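Contents: one structure, followed by commentary.
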Ligand SMILES: Cc1ncc(C[n+]2csc(CCOP(=O)(O)OP(=O)(O)O)c2C)c(N)n1
Ligand SMILES: Cc1ncc(C[n+]2csc(CCOP(=O)(O)OP(=O)(O)O)c2C)c(N)n1
Ligand SMILES: [Mg+2]
Ligand SMILES: [Mg+2]
């Protein structure tokens, strides 16, 4: 076990899967010698060469389609979309083709591909390079949707995603690339669809995704100082969604706050809130609350961007309001 | 006042707006002499000619972009995407360009355009021609999202959408094109963001959209026979969303069921449920329930498609379950 | 290009098979027995037939909304196709796909496609798998004149050429995308001229001449197999029926249709084969009768097959 | 093409203005004073300058992620631009847009764009408005070699040509899309060759020669104004800096960069104007000094301007 960054963990996952299985390959813009816009594929080109680490033209539909077609033939492509924001030029290939092929074909195709993309705000990249779009993918039958929040999860989930026989949208938060954590050197998988309790607590359940897991943990420490013992759960994947772990927690804590960075309206918080409200209504002592970004594009200017991204103060405030 | 179909009401809305304002024009595939795939633009080409009713190549990005650019210059384009399912090849132009331009430009642009598209299942058109994708649009700041369920609303909402200074995604349900209702001959608008109580009732609130409004009304009749008096509310637009009308109703009925045809997971039902759970928790006597399609692509075969689409029986069942 | 008599008779058979199949589908649709949309290939049979005659079973195709002809030419089973179009459990897709989504991955058929321009990027992916694995197989992407303008198609041609992928882009230029004539959807006359934009060979052929199609595609397939990269073959043709069944065809006149019916690709080949003494009228009748029998068996199969049951709805979403 | 001395001096001024602006932005970015991404236009100044010199205020442009040069050439105010890049409330977009989204609709600047290939469809829309209203204005779409492959760009060129829209597609071929050389992203050498795919004129010019750019774009603009439809002008150039500030440029070698620095578009024009006696060294220095002053005023404005306040966040989403 060694300390690695989230980025190194992702890189190692790809490297080890490529070593294990010659049918795994990488494609995307600048993923080769350049190592990817954020450096996630660094060094893979040098090891595996041009045939397996393929730089593409700037044509995302052709990238996703190439991955889909190759996957239909049994290969295991891992394609990178440089920023998730760019998916709009390629979405058809993902949701109408890759996601639906198996069903439309009566179960007679498998599309074992991974689409990796960084999400999120926090680096001043503005409206077209900072979005969190997981809610769109989570609404598409046929896709799996994964959002790791720690280096350990990043590696295990990415290996699981690569080995999965379905199209998996793997959303990395760009602000997390540099965070460090313990990551085993050997390959391992984390089952998709299993939430992780990141902090145990008895007083309130906070479900958070991606970078917000850390925000929630920070808030939990502040709450602890005030004697409020928060449980923090990271669903890790939205499809499949491990609602049971969340509900078990709510049955214990009787309160639920959901935190994501995507704009709150129409975000996955609504889905989680609704499922819990449906299945654990009688256990709730207070209204379920959701925190998400306001209903605006991501602004450029630092103070605005900071105000856009939910912070620990907001989480603490919401918990206190719930208990208040 | 005369009886008109939903389709005629839409057609009349476009015709009257084009008569009123020379800057209103139509573009899309086969919208000219052909009259649109479903016939919604019938006769407009004959009246207004090729300059104002423009057949496009099959390039949806170019269609949405042309509308966006023309709108930025002050025109009022109404573009048709033949089936909403095709938006995946053009989504970038809608959510990264049209929807965000005003904000990104610091409020110094207006994009007064309408994107019309039919949604929904029920005609055996299968997985790539039957989806309900309103949840995606409702998650995009900068867009308005409208879903009329009656001929009267269709006309008034479309005129309001055309006069609106923002990009409006106007989603028609293809199964409703033939339904009839009273529609005034003169132009009128219905304010976007105002729900309509389609049936008053005291025992439970059913929020339903598009074709599901009719399903809910049918269910309400069946429930009435069993002595349950359901209130049926059609939000009519999802952005802006008239949550107040829904909450007022829930405060009266103490129960909420949300019904949409989109797949339930990640659908707008979650958003509505979460808002109500947050704001009217203490008024709820039972868990909020949601009905939506199962988490599958839309199947082709009639019995499967029928099973996919929520029906009145499911609504009645859910209400009875809620009421214990 | 050497082509045997047997191959020509095989092509004649395939074209008739498509024609008969489509004619039956047309009747069933008119009778209200087929749900959804149906886009018929009548009049264009020479293209799928000539193109697929150059292929091996392991080669792949991507098809379109107007896909029945491609699927039959690539070896699709009429029974399973007809059952699918009827929405039956025994169909290629267990009734989940329907006319616009029939697929048979085991035959290299990566699906009809309801999205105009949807196939090109996927064909590239299959070709990439062949290239990566060192297999000398090819992928053929069928696409219409309308689809030629779609960004996905153009991106796909660029990627295929940048990567020298073994893809053959077979354009079926039938003059219209629904109601929109090519004269309105593009400023050029020959879609094959777009090949130069990607530095690939671009060839125009008479799409109603199956031998011409065969020949042009053969050369493109040879290039692809030998690592010389993609090609674009434009086949000029016409659809006899409306865009979909039920289309009143307000946008074209009957004379135009008639002039193309007179250039029936099947009759054209039949006359040639008869002139050359390769195909007697009796043999021709025999072929058609045998096909009719095969088709009726397929119809019976489709009719007798059960509809899927509601429990199957949520299956096949995930592997 | 007649071009006055005054116009040439104006172009010289504009190029220097861009160069100075970008050099300052580079310094500020290095100092950590500019958030986000910054893509500099240094080395490519002749294109925006030559192209925009052919335009009227009412004409429109769509720009790219590498947009500062286009905006300055189309009349953008340095103060408002610098303030925007600093994220200040007084910037063109109230700090909401930043470098990649600066716009000034009143100057016909329909925005820089963070989406590669995003501008083409929008330029068409502006051109459509001109055509519809009977105005003889044009829209210029700037796009890179990388953007040339994007489906949106290709769709836009097709629609513009099908509808004879008054658009000029100005391709800035600087040899790379981030790290990807054109030799890997496309099989052709001249992007202008794609014009034939849409039956529009396609011209290659030296993008480091502002007069050549001016001349080629002038003719395209004339055509567009006179209703003869779109054109594609490919300008061969090079970016001196990395793709964005911070790029280590592992994908290209220093010699290549140097060879292009030697072809500095500004020095090229300056030498020509001096040879022709149009511009004295003193005048040249004067121009540069005046620009430096203007720039310092812009910097001061940007520095002194307030940041937006948090209450403004939810404004400007809807009209
Ligand atoms: C992306 C997309 N846009 C529009 C459609 C609707 N549509 C189906 S077929 C068709 C015409 C296609 O024309 P062409 O490519 O020439 O094929 P043809 O029908 O003539 O065989 C259209 C517009 C679609 N299915 N997908
Ligand atoms: C749709 C999309 N894909 C990818 C990117 C990331 N990206 C930004 S600039 C760029 C390179 C663009 O190359 P080119 O068009 O040649 O312009 P240049 O940077 O050379 O001026 C890329 C890949 C993007 N912004 N949008
Ligand atoms: Mg066609
Ligand atoms: Mg470039």
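Protein chains in written order, with our numbering: chain A, 323 to 646; chain B, 323 to 646; chain C, 312 to 630; chain D, 312 to 630. Idealized CB from N, CA, C, for every residue including glycine. All values reported here derive from a predicted model rather than from experimental measurement.
Check: Which residues, in chain order, sit with a beta-carbon under 6 Å away from any heavy atom of ligand 3?; Outcome: 455/C, 456/C, 457/C, 485/C, 487/C and 488/C
Check: Would you decide whether residue 368/D is buried or exposed? Buried here means 16 or more other CB atoms lie within 10 Å of its CB.; Outcome: exposed
Check: Ligand 1 heavy atoms versus the CB of residue 557/C: any closer than 7 Å?; Outcome: no
Check: Please tell me whether residue 582/B has its Cβ less than 8 Å away from any Cβ of chain A.; Outcome: no
Check: Compare the C-alpha of residue 558/D against each of 513/A, 360/A and 346/A and name the closest.; Outcome: 360/A
Check: Taking residue 425/A as part of the alpha helix (DSSP H), name the residues at either end of that continuous run.; Outcome: 421–426
Check: Candidates 335/C, 318/C and 396/C: which alpha carbon is nearest residue 345/C's?; Outcome: 396/C
Check: Does the Cβ of residue 408/A lie closer than 7 Å to at least one heavy atom of ligand 2?; Outcome: yes
Check: Taking three-plus beta-carbon pairs below 8 Å as touching, is the segment 572–583 of chain A in contact with the segment 529–540 of chain A?; Outcome: yes
Check: Could you spell out where the beta strand (DSSP E) holding residue 317/C opens and where it closes?; Outcome: Where residue 317/C is concerned, there is no enclosing beta strand (DSSP E), although the alpha helix (DSSP H) it sits in stretches over 316–341.
Check: Along chain D, which residues have their Cβ under 7 Å away from the Cβ of residue 463/A?; Outcome: Within chain D, no residue comes near residue 463/A; the closest Cβ sits about 26 Å away, beyond 7 Å.
Check: Hey, is the segment 512–529 of chain B in contact with the segment 472–483 of chain B, meaning 3+ C-beta pairs nearer than 8 Å?; Outcome: yes
Check: Give the interface partners of residue 655/A over in chain C, defined as CB-CB distance under 8 Å, in chain order.; Outcome: No answer is possible for residue 655/A: it lies beyond the span of chain A, which begins at 323 and ends at 646.
Check: Is residue 470/D near ligand 5, going by C-beta to nearest heavy atom under 7 Å?; Outcome: This structure does not include ligand 5; its bound ligands are ligand 1, ligand 2, ligand 3 and ligand 4.
Check: Jot down the residue ranges of each uninterrupted alpha helix (DSSP H) in the segment 533–593 of chain D, minimum 4 residues, whole runs only, in chain order.; Outcome: 565–572 and 576–586
Check: Does the segment 447–465 of chain B come close enough to the segment 612–620 of chain B that 3 or more CB-CB pairs lie under 8 Å?; Outcome: yes
Check: Are any of the Cβ atoms in chain A nearer than 8 Å to that of residue 577/D?; Outcome: no
Check: Would you mind sorting residue 395/B into buried or exposed? The rule is 16 or more other CB atoms within 10 Å of its CB.; Outcome: buried
Check: Do the segment 554–571 of chain C and the segment 524–542 of chain C meet, that is, are 3 or more Cβ pairs less than 8 Å apart?; Outcome: no
Check: According to the neighbour-count rule (16 or more other Cβ atoms, all chains shown, within 10 Å of its Cβ), is residue 377/D buried or exposed?; Outcome: buried
Check: Can you tell me where the alpha helix (DSSP H) with residue 336/A in it begins and where it stops?; Outcome: 328–342
Check: Between which two residues does the beta strand (DSSP E) containing residue 452/D stretch?; Outcome: 450–455
Check: What residue range is occupied by the uninterrupted alpha helix (DSSP H) comprising residue 363/C?; Outcome: 356–363
Check: Output, in chain order, the set of chain D residues within a Cβ distance shorter than 8 Å of residue 388/A.; Outcome: What residue 388/A touches in chain D: nothing, since even the nearest Cβ is about 13 Å away.
Check: I'd like to know whether the C-beta atoms of residue 548/D and residue 518/D end up nearer to each other than 8 Å.; Outcome: yes
Check: Quick one: does residue 383/B have its CB under 8 Å from some CB of chain C?; Outcome: yes
Check: For residue 510/D and chain B, any beta-carbon pair shorter than 8 Å?; Outcome: no
Check: Using CA atoms only, rank isn't needed, just tell me which of 481/D, 335/D and 328/D is closest to residue 543/D.; Outcome: 481/D
Check: Return the residues of the segment 415–441 of chain B that lie within a Cβ-Cβ distance of less than 7 Å from chain A, sorted by chain order.; Outcome: 417, 418, 422, 425 and 426
Check: Less than 7 Å between C-beta atoms, sequence neighbours within five positions excluded: which residues of the same chain meet that for residue 579/D?; Outcome: 519 and 520
Check: Would you please verify whether the beta carbon of residue 499/C is less than 8 Å from any beta carbon of chain B?; Outcome: no
Check: Determine the closest residue to residue 545/A out of 642/A, 506/A and 508/A, with distance taken between C-alpha atoms.; Outcome: 642/A
Check: Just checking, does the segment 428–441 of chain C make contact with the segment 398–410 of chain C on the three C-beta pairs under 8 Å criterion?; Outcome: no
Check: Could you compute how far the alpha carbon of residue 472/D sits from the alpha carbon of residue 506/D?; Outcome: 10 Å
Check: Would you kindly report the start and end of the unbroken beta strand (DSSP E) that includes residue 495/A?; Outcome: 490–495
Check: Would a check of beta-carbon distances place residue 469/C closer than 8 Å to chain D?; Outcome: yes
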